[in-house]
Amino acid sequence: MPERQCTEAEWKIMELLWDRAPRPMSEITKELEPATGWSRHTVITLLKRMQEKHTVAVDESGDVKMYSPLITREEASQMQTKKLLNRVFSGKASLLINHLVDSGEITLKEMDELMEMLHKSEKR
């Protein structure tokens, strides 16, 4: 099976489909064109690639092809997180957290929430 990772461009389409599906290609293009400048042909190419990756399904039973996500936002987020951890942080979540702390990207409140999650996980 092909890799199911979403590129940045594919992620934009997935966001629309997660918000509401199914959708026709014309609606996807209309919503994305102002921010991306993508033509109908660009969206068609992306949707075909996403079908090959099994991240999007197409229903051709009606007059217009309708597209729906085959993976959830959570599944996609997990795949992206794992890819980031492996590529940038040698698979170590502690290196990611250290980076977030050092760069000021994580607040004290978020650190407290993280600690609470760790304590709950430890009790299981």
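Position in the sequence shown (first residue = 1) + 180 = our numbering. For every residue, glycine included, the Cβ atom is placed at its ideal position computed from N, Cα and C.
- Message: Rounded to the nearest angstrom, what separates Thr-209 and Leu-298 at their Cα positions?
- Response: 42 Å
- Query: To the nearest whole angstrom, what separates the beta carbons of Met-291 and Pro-249, a pair I think is in contact under 8 Å?
  - Reply: Rounded, the Cβ-Cβ distance is 33 Å, inconsistent with contact.
- Query: Should His-295 be labelled buried (16 or more other beta-carbon atoms within 10 Å of its own) or exposed?
  - Reply: Per the sequence shown, residue 295 should be read as Met rather than His. Met-295 should be labelled exposed.
- Query: With DSSP run on the structure shown, which of helix, strand or coil describes Asp-243?
  - Reply: coil
- Message: Quick check on Pro-202: does DSSP put it in helix, strand or coil?
- Response: coil
- Message: If you reduce the DSSP assignment to three classes, tell me which class Ser-270 lands in.
- Response: coil
- Item | Status (buried if at least 16 other CB within 10 Å, exposed otherwise) for Ala-256 | buried
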